[in-house]
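Trainee:
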Amino acid sequence: MDKIRIVGGTPLKGVIPIGGAKNAALTLMPACLLTGETLSLSNLPHLVDITTMANLLAQHGVGMVLNGQAPNGGHSGRVLELTAAEITNTTAPYDLVRKMRASVLVLGPLLARCGQARVSLPGGCAIGTRPVDLHLKALEQMGARIDVDGGYIVADVPGGRLKGATVVFPQVTVGGTENILMAATLAEGETVITNAAREPEVSDLAYCLQAMGAKIEGIGTPTLRVTGVERLHGCDYAVLPDRIETGTYMVAAAITRGDIELIGARRDLMQSVEKVMAEAGVEFEDTERGFRVRADRKPIRGVDIMTEPYPGFPTDMQAQLMALMATAEGASMITETIFENRFMHVPELSRMGARINVHGSSAIVRGVPRLSGAPVMATDLRASVSLVLAGLAAHGETLVNRVYHLDRGYERVEEKLAACGAVIERVKSNDPAE
Ligand code: EPZ
Numbered sequence: 010m011d012k013i014r015i016v017g018g019t020p021l022k023g024v025i026p027i028g029g030a031k032n033a034a035l036t037l038m039p040a041c042l043l044t045g046e047t048l049s050l051s052n053l054p055h056l057v058d059i060t061t062m063a064n065l066l067a068q069h070g071v072g073m074v075l076n077g078q079a080p081n082g083g084h085s086g087r088v089l090e091l092t093a094a095e096i097t098n099t100t101a102p103y104d105l106v107r108k109m110r111a112s113v114l115v116l117g118p119l120l121a122r123c124g125q126a127r128v129s130l131p132g133g134c135a136i137g138t139r140p141v142d143l144h145l146k147a148l149e150q151m152g153a154r155i156d157v158d159g160g161y162i163v164a165d166v167p168g169g170r171l172k173g174a175t176v177v178f179p180q181v182t183v184g185g186t187e188n189i190l191m192a193a194t195l196a197e198g199e200t201v202i203t204n205a206a207r208e209p210e211v212s213d214l215a216y217c218l219q220a221m222g223a224k225i226e227g228i229g230t231p232t233l234r235v236t237g238v239e240r241l242h243g244c245d246y247a248v249l250p251d252r253i254e255t256g257t258y259m260v261a262a263a264i265t266r267g268d269i270e271l272i273g274a275r276r277d278l279m280q281s282v283e284k285v286m287a288e289a290g291v292e293f294e295d296t297e298r299g300f301r302v303r304a305d306r307k308p309i310r311g312v313d314i315m316t317e318p319y320p321g322f323p324t325d326m327q328a329q330l331m332a333l334m335a336t337a338e339g340a341s342m343i344t345e346t347i348f349e350n351r352f353m354h355v356p357e358l359s360r361m362g363a364r365i366n367v368h369g370s371s372a373i374v375r376g377v378p379r380l381s382g383a384p385v386m387a388t389d390l391r392a393s394v395s396l397v398l399a400g401l402a403a404h405g406e407t408l409v410n411r412v413y414h415l416d417r418g419y420e421r422v423e424e425k426l427a428a429c430g431a432v433i434e435r436v437k438s439n440d441p442a443e
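See below:
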């Protein structure tokens, strides 16, 4: 597996273009299953997870045409046309689902369009057990019959069409809200989703579904009302910019005490992250093309952080902020409330000299004047990128192993950082044991 080699210590200066949001694209793509017409998605990021979703949709019978377009001077911003004229197979096999949990997002659309689906249960992953019980319970409320057999969710809809229902999620679930939102667009009657996730990626899906002819009210609020229609049609839709990629490069600027302009980024989606970072001493300023992040004028201080559903501080930014806090003046308490096992970066950051103690779901981070480079690795995407960020600030050489995780969610990460002065390169390796 490839590695990333970093020699830290350079304050980053320059511009970084932000790509389309991975987690929006991963729910917009399966929405194509709801219509026989073409859904054309632009600003699609070029990531391993997007390819995995494309492979899954292809084996359901979706025809795809990919057109490269490079608006930001990179190879991001691709356009993918997806046409599910006929769904030839309603099984999502274990081999694809185990690679990526977002595969479960085909369940709602397949049930709504075909009245049946067989989707492998995703199982646990590095950050927690992550069940899909809330998706299944809500679909049952909408009239689906669901069994679990041989590791598969086996579902069908007696009578062929799902029925509107009042779904009350006992806890906020992004994927659950997306699955039910898609299913409800073609159901008979009204579906009300209470305690719906308000993440911008959920709203992006809702706006796309509206453009496809769905009737949805309450977008961006905790209550979504969907009146089912007989059919949806195709549309052209641009994926929103990735707020987690944006936040990650905000931290890259801060941790190197640098100055970076993020092009195409949406500052309005970054409020909770900006608030924490501003409190720590980072400065922000709107620009014509996005916004600027500066940390070259004030010291960075420790601040407390607690992850929460949107509009709270995102769990997907927790590891990156922990890396920043490891270099801050003073202490910081970081509490993770979304996933039970999302501190895998702690032992690796500690190997780089960070002083972190974990007590249950909280970590106390005591900043040190300088991290030191080391060989490190992580088992999920955001943990991996937090090690890259730490490496940018550390004294000496850091070798981040298992770059596979980074490629799932960050497009050309080493090129984007190198363009701002980082000493960073990808080291090819053919050794499968690594
Ligand atoms: C989405 O995962 C994102 N993935 C995650 O991004 C993100 O961390 C997460 O939302 C929270 O913001 C995609 O959008 C593809 P959830 P999802 O359902 O939908 C529990 C990244 O790095 N739960 O909101 O799977 C669950 O175990 C990632 O890009 C149930 O108990 O998250 C978790 O503790 C990783 N039963 C909590 O709810 C259910 O049926 C929130 O999960 C569903 C969820």
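Its first residue numbered 10, the sequence shown is counted upward by one per residue in our numbering.
C-beta atoms are modelled at their ideal positions from N, C-alpha and C, and glycine is treated no differently.
Model, not experiment: these values are computed from the prediction.
#1: Comparing alpha-carbon positions, which option in Gly185, Val177, Val183 and Thr100 lies nearest Val201?
#2: State whether the stretch 31 to 39 contacts the stretch 214 to 231, with contact taken as three or more CB pairs (one from each stretch) at a distance under 8 Å.
#3: Let's see if you can read the secondary structure: which residues bound the beta strand (DSSP E) around Lys31?
#4: For the alpha helix (DSSP H) containing Val422, list its first residue and its last residue.
#5: For Asp156, report the span of its alpha helix (DSSP H) as first-last.
#6: Beta-carbon within less than 7 Å of Leu75's beta-carbon, same chain only, minus the 5 sequence neighbours each way: which residues are those?
#7: Taking 6 Å as the limit between beta carbons, can you name the residues of its chain near Pro384, skipping five residues before and five after?
#8: Taking Cβ positions, are Asn188 and Leu105 nearer each other than 8 Å?
#9: For the 8 Å Cβ check, are there 3 or more pairs between the stretch 355 to 362 and the stretch 416 to 424?
#10: To the nearest angstrom, how far is the alpha carbon of Ile15 from that of Ala263?
#11: Quick test of your reading: Glu288 and Val312, contact by CB under 8 Å. State the CB separation rounded to the nearest angstrom.
#12: Just reading off the alpha helix (DSSP H) that His55 is part of, what are its end residues?
#13: In or out: Val394 buried (at least 16 other Cβ within 10 Å) or exposed?
#14: Any heavy atom of the ligand EPZ closer than 7 Å to the CB of Pro140?
#15: Helix, strand or coil, according to DSSP, for Met286 in the structure here?
#16: Mark Thr97 as exposed unless 16 or more other C-beta atoms lie within 10 angstroms of its C-beta, in which case mark it buried.
#17: So what does DSSP say about Pro80, is it helix, strand or coil?
#18: To which residues of the same chain is Asp268 closer than 6 Å at the C-beta, ignoring the five residues directly before and after it?
#19: Express the C-alpha separation of Tyr413 and Lys108 in angstroms, rounding to a whole number.
#20: Extract the residue ranges of the beta strand (DSSP E) inside the stretch 118 to 186, only unbroken runs of 3 or more that lie entirely within it.
#21: Might you give, ordered along the chain, the residues of its own chain that have their beta carbon closer than 8 Å to the beta carbon of Gly82, omitting 5 neighbours on each side?
#22: From Leu233 to Leu396, what distance separates their C-alpha atoms?
#23: Measure the CB-CB distance between Leu171 and Met151 and report whether it falls below 8 Å.
#24: Between Thr344 and the ligand EPZ, is the CB less than 7 Å from at least one heavy atom?
#25: Thinking Pro193 and Gly173 are a contact (beta carbons under 8 Å), I'd like their distance in whole angstroms, please.
#26: Between Gln125 and Thr99, what straight-line distance do the alpha-carbon atoms span, to the nearest angstrom?
#27: If we ignore side chains and look at the alpha-carbon of each, how far apart do Pro80 and Gly430 end up?
#28: Using the beta-carbon count (16 or more within 10 Å), is Asp58 buried or exposed?
#29: Could you give the distance in angstroms between the alpha-carbon of Leu218 and the alpha-carbon of Gly28?
#30: Exposed or buried, what is Val285 when buried is set at 16 or more other beta-carbons lying within 10 Å of its beta-carbon?
#31: Distance, Cα to Cα, Thr446 vs Glu270?
#32: Report yes if the C-beta distance between Glu338 and Pro318 is below 8 Å; otherwise report no.
#33: State the Cα-Cα distance for the pair Thr40 and Arg252, rounded to the nearest angstrom.
#34: Starting from Arg310, follow its DSSP beta bridges and name the residues at the other end.
#35: Which of the three DSSP states, helix, strand or coil, is assigned to Thr236?
#36: For Glu317, does the three-state DSSP call read helix, strand or coil?
Mentor: Taking the definition as stated:
#1: The option with the nearest alpha carbon to Val201 is Val177.
#2: Three or more Cβ pairs drawn from the stretch 31 to 39 and the stretch 214 to 231 lie within less than 8 Å of each other, which places the two stretches in contact.
#3: First-last for Lys31: Lys31 to Leu37, but that is the alpha helix (DSSP H), not the beta strand (DSSP E).
#4: Taken as a continuous stretch (DSSP letters only), the alpha helix (DSSP H) holding Val422 covers Val422 to Ala427.
#5: Taken as a continuous stretch (DSSP letters only), Asp156 belongs to no alpha helix (DSSP H), being part of the beta strand (DSSP E) at Arg154 to Asp158.
#6: Listed in chain order, the non-local C-beta contacts of Leu75 below 7 Å within the same chain comprise Arg87 and Leu89, local neighbours out to five positions each way being set aside.
#7: The residues Leu408, in chain order, have a CB closer than 6 Å to that of Pro384 in the same chain once the five nearest residues on each side in sequence are set aside.
#8: Not a contact, by the Cβ cut-off of 8 Å.
#9: Flag = no, the stretch 355 to 362 and the stretch 416 to 424 do not touch.
#10: Near 17 Å, if we compare the C-alpha coordinates of Ala263 and Ile15.
#11: With 8 Å as the limit, Glu288 and Val312 qualify as a contact, their Cβ atoms being about 5 Å apart.
#12: Membership of His55 in any alpha helix (DSSP H) is not indicated, and neither H nor E is assigned to it by DSSP.
#13: Val394 is buried by the Cβ-count criterion.
#14: Yes; taking the cut-off as 7 Å, the Cβ of Pro140 has a heavy atom of the ligand EPZ nearer than that.
#15: It is helical.
#16: Around the Cβ of Thr97, a 10 Å sphere holds fewer than 16 other Cβ atoms; the residue is exposed.
#17: Low confidence applies to Pro80: its pLDDT is 47, below 50, so where it sits in the model is not reliable enough to give any reading.
#18: The answer, listed in chain order, is Lys22, Arg303 and Asp305.
#19: Their Cα atoms are separated by approximately 12 Å.
#20: As summarised for the stretch 118 to 186, the continuous beta strand (DSSP E) elements at least 3 residues long and confined to that stretch are 125 to 129, 154 to 158, 161 to 165 and 175 to 177, given in chain order.
#21: Legend: pLDDT at Gly82 = 47, less than 50; position of this residue unreliable, value from coordinates given subsequently. Beyond the five residues adjoining it in sequence on each side, Gly82 comes within less than 8 Å, by CB distance, of Pro26 in the same chain, given in chain order.
#22: Roughly 38 Å separates the two Cα atoms.
#23: Yes, they are a contact pair.
#24: It does not: the Cβ of Thr344 is nowhere closer than 7 Å to a heavy atom of the ligand EPZ.
#25: The sequence as given places Ala at residue 193; Pro does not occur at that position. The distance from the Cβ of Ala193 to that of Gly173 is about 7 Å, consistent with a contact at the 8 Å cut-off.
#26: Going from the Cα of Gln125 to the Cα of Thr99 covers about 7 Å.
#27: Its pLDDT being 47, under 50, Pro80 is placed unreliably in this model, and the coordinates cannot settle the point.
#28: Under a 10 Å Cβ-count criterion, Asp58 is classified as buried, with 16 or more other Cβ atoms of the shown protein chains found around its own Cβ.
#29: Leu218 and Gly28: Cα-Cα distance of roughly 21 Å.
#30: So Val285 ends up on the buried side.
#31: Because the chain here runs from 10 to 443, residue 446 falls outside it and cannot be looked at.
#32: Result no, Cβ atoms of Glu338 and Pro318 do not sit closer than 8 Å.
#33: Sequence check: residue 40 is Ala here, not Thr. Counting only the Cα atoms, Arg252 lies some 21 Å from Ala40.
#34: Residue pairing by DSSP puts Arg310 in a beta bridge opposite Glu338.
#35: Of the three classes helix, strand and coil, the one that applies to Thr236 here is strand, per DSSP.
#36: Coil, per DSSP.
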